[in-house]
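A quick write-up on the structure given underneath.
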Amino acid sequence: MRALAKIKNLESDTCKHIIVRNLSRILDIRILDIDIETRTLSFLYQNNSTFAKVKRELFHIGFPITQCTYQESKQRTGHVQYMESTVAF
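The working numbering puts the sequence shown at residues 545 to 633.
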């Protein structure tokens, strides 16, 4: 599954490095992009438990998720369909 999260307090390259360093400990995620200008983090994760770990870790290091758009792919015969939903925290 894919998530695009709005991150509070994401303001510099230092913040970006802190996030990468701390999230690299969570095995079932892959960071796709961290955009300082839009204060967003895009990442892939395996399941809801993994997403909860990411959310908890970001909160503990001072970068809580304020809003998140989830994209879940559904395999259909011959094509991939994406379901998208947005949640504010």
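All C-beta atoms, glycine included, are put in the ideal place defined by N, C-alpha and C.
- Ile-580 counts as exposed, since fewer than 16 other beta carbons sit within 10 angstroms of its beta carbon.
- Under DSSP, the beta-bridge partners assigned to Gln-611 are Lys-550, Ala-632.
- Residue burial annotation: Val-598 is buried, with at least 16 other C-beta atoms found within 10 angstroms of its C-beta.
- Taken in chain order, the unbroken stretches of alpha helix (DSSP H) that lie wholly in the segment 569 to 612 and span 4 residues or more are 592 to 604.
- Within its own chain, the residues whose Cβ lies closer than 6 Å to the Cβ of Thr-630, once the five positions on either side in sequence are excluded, are Thr-613, listed in chain order.
- One Cα belongs to Gln-611, the other to Ala-632, and the distance between them is close to 4 Å.
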